[in-house]
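Structure record follows, encoded as structure tokens.
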Amino acid sequence: MKPTKLQPMRLTPIVGPLLLELFLGVGVGVIGTWLAAQLGDTAGAAFALTNHVAAMLFILFRVIGAGIGVVITQYLGGGQRAGADAIARASLGASTWMGGFTAVLAVLFATPLMGVMNAPAEVVPLAVPFLMWLAPAMLLDAWNASMSSVLRAHLRVREALITVVVMQIVHLALCWVLMRALGLPGFALALIISRSVGLALHWRFWQQRLAIAIHSSDWFQLRWKELQAVLRIGLPGAAEQIGYRLAFTVSVSVAGLLGASALATQAYVLQLGMFVVLCGVATGLAVEIVVGHQIGAGHLKAADKLVRRALASGLLVALLATSLMALAGEQLLGLFTQDAAVISLGTQLLWWTVLLEPGRTFNLIVINALRATGDARFPVMAGIASMVIVLAGGAWVLGIHAGLGLVGLWIAYAADEWLRGLIMWWRWQSRAWLAHARDSHRRVRAGDGH
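Below, the structure written as structure tokens:
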């Protein structure tokens, strides 16, 4: 099985645009949280809680979303452009059905979902209609996420970035006006309009840069033949994300039991922490893209070296970034609230984040690398126990029964990330992923008649 020729690929040109893309997305979330906080801490808590629920629902899209980029990079690495294009078109119909299903759930079950989250009584009247307003954006986000994954898999990270920049500028401009006039629903309306703009740009880039012609039937048909390879990666990836989101939701419900002030504190610290998470997420996505190309081409040793380099640099960046953020904690939290108790507790949580985020970075990079090789089931089987026992169980025991409150939640977050990261690293070190990588390469080669 002779490796396919592949031009040398570096992470930095991919990480940079991805980091900026993610930074813009989180920046909009932070500004949205800040605008909501200006309406009061209750509105800030409702904004954060609703976004947690929306993120939990959107995990359903990961059934296909987690596999699209991986499979397309493998096909492109193996010189299979026709197969990659077929999967790209198939992703549109799958996105329609999964995104639409998620939107329907948000509308029909908004009130019960807030009950599951233990939303405080004063938060519910704001959170329920806000979630319903967010529903159409979930369908638009499913389409945009699929089309952006295809662009990145083709190494068109610049075009993906341009789309995100325009989309987020439109969203911010509209948020500034609509949230002042309509409150939280203004954020959702701005989101719907901006995502529609993003969809139009993605469509144009698919036609001009990728030469992929989209037919009307592509938006609705479920092409199971093309989706099989995607589901092979996507189903385990979705299961892992669903498991994490459900476990994390338990921790949010624990914060809900602690009251609206605790929910607001959690929201502010998580938003600030997201800026640090970005580096790990961007590096993990870049690793997934490059490793996918290398697996498709049969360059397994190169993939191993790249993961090791990425992990070393990612851990260093995470440690430095969290330390700087914790040092500036009081000033950063002061941008959201003037409540001294919230600022004091939030600053304490930021110091716990110095322990948390390097573990998360460890986890993100290695899990994405394993997924890119085709070794997608192990992260679910190995990680689910940690998610249930350490994350969800730990948050409940430490936060409520041990009386540690939000500090207990952060200890549980850190313990879970480090445990799963170390397990994934053991998997990578054991070379068990090599069999999956060789199988993935063979499947790609078989698609070209080899």
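Under my numbering, residues 2 to 451 are what the sequence shown spells out, in order. The beta carbon of each residue, even a glycine, is placed where N, CA and C say it ideally should be. These figures come from a predicted structure and were not determined experimentally.
Nearest-angstrom Cα separation, counted from residue j out to residue i
{"i": "Ala283", "j": "Ala248", "result": "23 Å"}
{"i": "Leu264", "j": "Leu50", "result": "8 Å"}
{"i": "Gly285", "j": "Arg153", "result": "13 Å"}
{"i": "Ala120", "j": "Gly315", "result": "36 Å"}
{"i": "Val72", "j": "Val270", "result": "35 Å"}
{"i": "Phe59", "j": "Leu321", "result": "31 Å"}
{"i": "Trp459", "j": "Ala83", "result": "As shown, the chain starts at 2 and ends at 451. That puts residue 459 outside it, with no answer to give."}
{"i": "Asp449", "j": "Ala85", "result": "Interpretation of Asp449 is limited by its pLDDT of 48, a score under 50 that renders its predicted location unreliable; no figure is taken from the coordinates."}
{"i": "Ala319", "j": "Gly17", "result": "16 Å"}
{"i": "Gly409", "j": "Leu114", "result": "24 Å"}
{"i": "Asp42", "j": "Glu123", "result": "11 Å"}
{"i": "Val278", "j": "Arg361", "result": "8 Å"}
{"i": "Ile385", "j": "Ala182", "result": "44 Å"}
{"i": "Ala342", "j": "Gly260", "result": "13 Å"}
{"i": "Ala287", "j": "Asn145", "result": "18 Å"}
{"i": "Glu160", "j": "Gly33", "result": "25 Å"}
Test item: CB-CB of residue i and residue j under 8 Å
{"i": "Pro359", "j": "Met425", "result": "no"}
{"i": "Gly293", "j": "Gln75", "result": "yes"}
{"i": "Thr266", "j": "Gly335", "result": "no"}
{"i": "Gln272", "j": "Gly30", "result": "yes"}
{"i": "Met139", "j": "Tyr245", "result": "no"}
{"i": "Leu325", "j": "Tyr414", "result": "no"}
{"i": "Pro186", "j": "Pro237", "result": "no"}
{"i": "Gln169", "j": "Leu19", "result": "no"}
{"i": "Gly70", "j": "Glu289", "result": "yes"}
Residue i burial status per 10 Å Cβ neighbour count (16 or more: buried)
{"i": "Met382", "result": "exposed"}
{"i": "Leu109", "result": "exposed"}
{"i": "Ala329", "result": "exposed"}
{"i": "Pro452", "result": "There is no way to answer for residue 452, as the model of the chain reaches only from 2 to 451."}
{"i": "Arg428", "result": "buried"}
{"i": "Thr354", "result": "buried"}
{"i": "Gln332", "result": "exposed"}
{"i": "Pro137", "result": "buried"}
{"i": "Gln229", "result": "exposed"}
{"i": "Leu1", "result": "With the chain running from 2 to 451 in the structure shown, residue 1 is simply not present."}
{"i": "Gly406", "result": "buried"}
{"i": "Leu258", "result": "exposed"}
{"i": "Pro126", "result": "exposed"}
{"i": "Met2", "result": "Here the model assigns Met2 a pLDDT of 45, short of 50, so the residue's position is not dependable, and the following value carries that caveat. Answer is exposed; the Cβ neighbour count stays below 16."}
{"i": "Arg205", "result": "exposed"}
Any chain B beta carbon closer than 8 Å to residue i
{"i": "His172", "result": "Absent from the structure: chain B. Only one protein chain is present."}
Segment contact flag, the region 60-68 with the region 208-222, C-beta cutoff 8 Å, min 3 pairs: no
Segment contact, 8 Å Cβ cut-off, at least three pairs: the region 291-307 with the region 440-449: yes
Stretch pair the region 196-211 + the region 136-154: three plus CB contacts closer than 8 Å: Touching, per the Cβ criterion.
Cβ contact (3+ pairs, closer than 8 Å) linking the region 216-233 and the region 176-195: Cβ pair count under 8 Å is below three, so no.
Whole alpha helix (DSSP H) elements within the region 93-173, 4-residue minimum: 111-117 and 125-154
Inter-stretch contact (C-beta, 8 Å, three-pair minimum) for the region 367-378 and the region 431-438: yes
Complete runs of the beta strand (DSSP E) confined to the region 233-282 [at least 3 residues]: none
Every unbroken alpha helix (DSSP H) within the region 312-340, with a cutoff of 4 residues, ordered by chain: 330-334
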